[in-house]
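Read in order, the letters of the sequence shown are residues -17 to -1, 1 to 118 in mature numbering (1 follows the signal peptide of the UniProt record, and there is no 0).
These notes are about the structure you will find just below.
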Amino acid sequence: LARASHQLGIALGLAVAVRLDALERQIEAKLEDNWREISKEAKKTLNLTAVSHRIFVMETGLHDLRYELNSEAGFVDAPDLLWEHALAERLYDQVLTHHDTRRRTAALNERLSYSLDYLHSLSEHVRHGYSVRLE
């Protein structure tokens, strides 16, 4: 039984690391796509309503990714299943430490914050341009 709990601790730790890796790739790809799209649109579009809507869609997508990242980050704490098995819990924590999940999660949150701040600044700029047009 002890060996099975040790294997379970390692397996659960690896599952968290794999999910974080997949989410990391998804977030990086989304940020790259957003940057490419907004740069393209800024050069060609004069329709402020369309740009504003696109920014809103991007912000919503980034908030969804942040929610997914932070709900996954809840798995960084040892699952209840391991509480009764100290060594299995320690193995779980060692796997997470080895894969640097806490630092990677914090770095992804920071990148998302920067991107959301940038989109917020763009949104304010578009809103200002729209109000100037109305005057």
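Glycine included, every Cβ here is placed at the ideal spot set by N, Cα and C.
Everything numeric in this text was worked out from a predicted model, so none of it was measured.
Quick one, are the C-beta atoms of Leu52 and Asn17 less than 9 Å apart?
Walking along the sequence shown from the start, residue 52 turns up at place 69. Walking along the sequence shown from the start, residue 17 turns up at place 34. Contact flag unset, no.
Across the segment 68 to 79 and the segment 24 to 40, are there enough close Cβ pairs to call them in contact, namely three or more that are closer than 8 Å?
no
With H, G and I counted as helix, E and B as strand and the rest as coil, what does DSSP make of residue 135?
Because residue 135 is not part of the residues shown, which for the chain are -17 to 118, the question remains open.
Write down the C-beta distance between residue 123 and Leu99 rounded to the nearest angstrom, noting that I regard them as a contact closer than 8 Å.
Nothing about residue 123 can be read from this structure; the chain reaches only from -17 to 118.
Check this for me: beta carbons of residue 119 and Met41, under 9 Å apart or not?
Only positions -17 to 118 of the chain appear in the structure, and residue 119 is not among them; the question remains open.
Identify whether Asn30 lies in helix, strand or coil by the three-state DSSP scheme.
Against the sequence shown, residue 30 aligns to sequence position 47. DSSP places Asn30 in coil when its eight states are reduced to three.
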